[in-house]
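Note that full-length UniProt numbering gives residue 155 to position 155 of the sequence shown, counting from 1, and the numbers run on in steps of one.
A virtual CB, placed ideally from N, CA and C, is assigned to each residue, including glycine.
Note that the structure is predicted; figures quoted are calculated from it, not measured.
Accompanying notes for the structure given below.
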Amino acid sequence: MSNDVHSIPVDTVVTLLEAAAADRDADDAEIRDLLAGLDLPADAAARVSDGVRQLRVGSERWRRRGQELSALFSSARELAQLRDVDKLLERLVERAHDLVGTDVTYLSEFDMRTRELRVRTTLGTVAPTFLGLRVPPGMGLASLVVQRRQPCWTSSYSGMTQAPHDAHIDATVAAEGLVSLLGVPLLAGEEVIGVLFAANRVEHSFSPEEISLLSAFADHAAIVLQTARLLARTQDAAEETRRAYGQLARHVEAMERASGVHSDLTTLVLQGGDTTAVAGALGKALRCRVTVLDADLHPTASAAGPTADAPAPVGSGRDREDGPRRDEIRRAVDESRRSGRCVTLGRPGHEVVVAVVAGQTFLGALVLEPGTVEFGPVEHRTAERAAQITALLSLKQEALIEAEQRVRGDLLADLLSGDPRRRAGVAQRAQSRGIRTAELRTLVVLSLPAEHRRLAARAAGRAAGGGLIGEHADQVVALTCESDPAAAATLIHTAVRRAIDHPTLAVAAALGDVPRDVRAQLEAATACARVLPVLGITDSAATTDEFLPYTALFGPGETRVSTFVHNLLGPLLEWDATRGGNLLTTLAVYLDSRLSPVAAGRALHLHKNTVLQRLERITELLGDDWQEPDRLFRISVAVRVARLSATTLRDL
Numbered sequence: 001m002s003n004d005v006h007s008i009p010v011d012t013v014v015t016l017l018e019a020a021a022a023d024r025d026a027d028d029a030e031i032r033d034l035l036a037g038l039d040l041p042a043d044a045a046a047r048v049s050d051g052v053r054q055l056r057v058g059s060e061r062w063r064r065r066g067q068e069l070s071a072l073f074s075s076a077r078e079l080a081q082l083r084d085v086d087k088l089l090e091r092l093v094e095r096a097h098d099l100v101g102t103d104v105t106y107l108s109e110f111d112m113r114t115r116e117l118r119v120r121t122t123l124g125t126v127a128p129t130f131l132g133l134r135v136p137p138g139m140g141l142a143s144l145v146v147q148r149r150q151p152c153w154t155s156s157y158s159g160m161t162q163a164p165h166d167a168h169i170d171a172t173v174a175a176e177g178l179v180s181l182l183g184v185p186l187l188a189g190e191e192v193i194g195v196l197f198a199a200n201r202v203e204h205s206f207s208p209e210e211i212s213l214l215s216a217f218a219d220h221a222a223i224v225l226q227t228a229r230l231l232a233r234t235q236d237a238a239e240e241t242r243r244a245y246g247q248l249a250r251h252v253e254a255m256e257r258a259s260g261v262h263s264d265l266t267t268l269v270l271q272g273g274d275t276t277a278v279a280g281a282l283g284k285a286l287r288c289r290v291t292v293l294d295a296d297l298h299p300t301a302s303a304a305g306p307t308a309d310a311p312a313p314v315g316s317g318r319d320r321e322d323g324p325r326r327d328e329i330r331r332a333v334d335e336s337r338r339s340g341r342c343v344t345l346g347r348p349g350h351e352v353v354v355a356v357v358a359g360q361t362f363l364g365a366l367v368l369e370p371g372t373v374e375f376g377p378v379e380h381r382t383a384e385r386a387a388q389i390t391a392l393l394s395l396k397q398e399a400l401i402e403a404e405q406r407v408r409g410d411l412l413a414d415l416l417s418g419d420p421r422r423r424a425g426v427a428q429r430a431q432s433r434g435i436r437t438a439e440l441r442t443l444v445v446l447s448l449p450a451e452h453r454r455l456a457a458r459a460a461g462r463a464a465g466g467g468l469i470g471e472h473a474d475q476v477v478a479l480t481c482e483s484d485p486a487a488a489a490t491l492i493h494t495a496v497r498r499a500i501d502h503p504t505l506a507v508a509a510a511l512g513d514v515p516r517d518v519r520a521q522l523e524a525a526t527a528c529a530r531v532l533p534v535l536g537i538t539d540s541a542a543t544t545d546e547f548l549p550y551t552a553l554f555g556p557g558e559t560r561v562s563t564f565v566h567n568l569l570g571p572l573l574e575w576d577a578t579r580g581g582n583l584l585t586t587l588a589v590y591l592d593s594r595l596s597p598v599a600a601g602r603a604l605h606l607h608k609n610t611v612l613q614r615l616e617r618i619t620e621l622l623g624d625d626w627q628e629p630d631r632l633f634r635i636s637v638a639v640r641v642a643r644l645s646a647t648t649l650r651d652l
């Protein structure tokens, strides 16, 4: 090696250094031109040229490294400002894509429980199957990164041997056209939370600088991602705490309401309140509308809380539980009877039903229509407690009603007795119960089977108000203050039919002097009630005056009616029955038309000659003297009875 020292002017040295450090690439010709005027030996000029070239390469590398670090820090600051995990993952992949400049960049999230990786976010992909790709444990390059916790790469994925292949993963990578892949771990302490990938669609050997850059970015990204996740968990925990506190506050409020209701209901029991008061207390506490149903699911009371809809009057259209809704309520009541708990009608937030029971005895139900208070377990328990109180009050009220009904029944029995001594003190005893016998105006007899009489008497008592009602001689008898017998019969018949699902006859008779005329009117109403079923009337409200002629003719005897009709009209009815004729109808219209064939023809829309032909047939069947005054009268009565009762030979 030569020891000759060659001097180079300072200006030339500065120029050479500037060329080495310039942003632009200085070519070899420029350097040779600078050295040409220095008269240096060839080997010295070559060494200077090599030195300048190495300085230029090093300067370029540090310049590029500085730009990458600047971009890395900028990305880290940007990512640190994001709090939404999904947006953070998207931005993380975007910035990594910009940094390394590969064809495709994507991030796979690691599941600690299943040890699987799933492609969560991508950039540059075209295959729809790539996003969401699942990597089974131990398979592929991604699992290798997780196992080693350090970067792993391959310049040709199809020929990769350092990790096991998976057919589904290979097909997805091939569909995307990826060849070379670089994966770096996202580490949060010792925990792998994911793998960041950079991939090209051509063979590419990743340089140490590329691996180092992506690894550094992944380290920053992992910290930011973990921070965002922890913050999200903290926010979730805070929100859960707020929800729990809110639930606790609502529970405390509900418990306070329940305590208040319990106190109010206890006071009601001690003060002798009724079911209406229970509905009012419950509706006020739960800010809802409460309807009390009896054992037949008929509304008996209704009340609304301060913010609920006003209750509809009992018996109005709004509170009648009919049709499909009544069936739905009945099913809910049956379920509540089995469980002893509240049952919601339809979906949550709708009405709540709870059965009112005492042992095995069903007394009714409470229907709660929610208002401003959301119903939960405490509200349901409050309603169930109210149902128990309602059952207690109902039993108490039932006992009082039974006792009152027995007393009134005894008064009625004495009033209807044939013993003058029993009738003597009835007026005074009745007045002690608030009943003035002198104001009783109508007697109503109810004819129905024995198993329905108790409920019928209760229903009639509610409808009649301050009268005397009870069972007597296989029927229910009511003495009311209603002066119109027809109105009294209709009122009681309607009430009884609502209470029991069975045909009922209600026959009313006007009362004169009480107690003198009571037995006579009872006999008249009873006789009418026995005749009406023979006339085909089994479920109606009637008065003795309406059917007085039939009662007077036939009295209490069903066979007498049938015999009477058969003796007078038997051949004619048999003709109609066997031949499908209309002789009975023709005869009835002929009698109503005052024996005028022309008027009868107009009423029947028939020619006069057709009517005459039918009359000739009637004469053949009934005899030539059927139009004699005395027989015609009896035939007229028989025709009316036959048409009223639709009597046929089968009934006779």
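Segment limits, beta strand (DSSP E) that includes residue i
i	result
G246	Counting along the chain, G246 falls outside any beta strand (DSSP E), though it belongs to the alpha helix (DSSP H) covering 208-271.
G470	468-472
A450	No beta strand (DSSP E) holds A450; DSSP gives it neither H nor E.
L187	180-188
T480	475-480
I193	191-200
A304	299-304
Start-to-end residues for the alpha helix (DSSP H) that takes in residue i
i	result
A487	485-499
A430	426-432
G283	275-286
Y157	That residue, Y157, is in no alpha helix (DSSP H); it is neither H nor E in DSSP.
A520	518-531
I169	167-176
T586	583-592
V611	608-622
T390	377-416
V598	597-604
Cα-Cα separation, residue i to residue j
i	j	result
D264	G283	12 Å
V278	S432	30 Å
R594	L532	27 Å
G512	L443	10 Å
M160	V145	14 Å
G315	N582	Note that G315 scores 43 on pLDDT, short of 50, meaning its location in the model is unreliable; the coordinates nonetheless yield the value given after this. The alpha-carbon atoms of G315 and N582 are separated by roughly 45 Å.
D166	T154	16 Å
F564	V639	10 Å
R250	V269	28 Å
L522	F633	30 Å
Q226	V195	13 Å
T382	E109	50 Å
V261	T267	10 Å
L117	V135	5 Å
V104	E374	53 Å
L649	R602	A caution first: L649 carries a pLDDT of 35, below 50, which makes its placement in the model unreliable, though a value can still be read off. If you take the alpha carbons of L649 and R602, they lie about 29 Å apart.
G461	H380	35 Å
L622	L412	50 Å
C528	A438	25 Å
P128	M112	26 Å
Q162	E210	20 Å
V173	F130	8 Å
Y157	A142	12 Å
G138	S207	26 Å
Anticipated Cβ contact below 8 Å, residue i with residue j, distance rounded
i	j	result
R289	A301	Between A301 and R289 the Cβ distance is about 12 Å, and since that is not below 8 Å, they are no contact.
A358	L395	6 Å
G376	A254	6 Å
I635	L568	5 Å
T544	V507	6 Å
V192	R149	6 Å
T489	A542	The question names Thr, but residue 489 is Ala in the sequence shown. About 6 Å; that satisfies the 8 Å criterion.
D474	T504	D474 to T504, Cβ: 14 Å. No contact.
C-beta neighbour in chain E for residue i, strict 8 Å
i	result
S156	No chain E appears in the structure shown, which is made up of a single protein chain.
*Given 8 Å as the limit, is there contact between the segment 215-224 and the segment 185-202, that is, 3 or more CB pairs closer than that?*
yes
*asked:* Closer than 8 Å is the cut-off here; do at least three beta carbon pairs connect the segment 171-182 with the segment 192-212?
replied: Yes, the segment 171-182 touches the segment 192-212.
*Is there contact between the segment 445-453 and the segment 495-505, where contact requires at least three CB pairs shorter than 8 Å?*
yes
_Three or more C-beta pairs under 8 Å: does that hold for the segment 458-478 against the segment 394-413?_
Per the Cβ contact rule, the segment 458-478 is in contact with the segment 394-413 (3 or more Cβ pairs under 8 Å).
*At 3 residues or longer, and completely inside the segment 332-368: list those beta strand (DSSP E) runs for me, N to C.*
352-358
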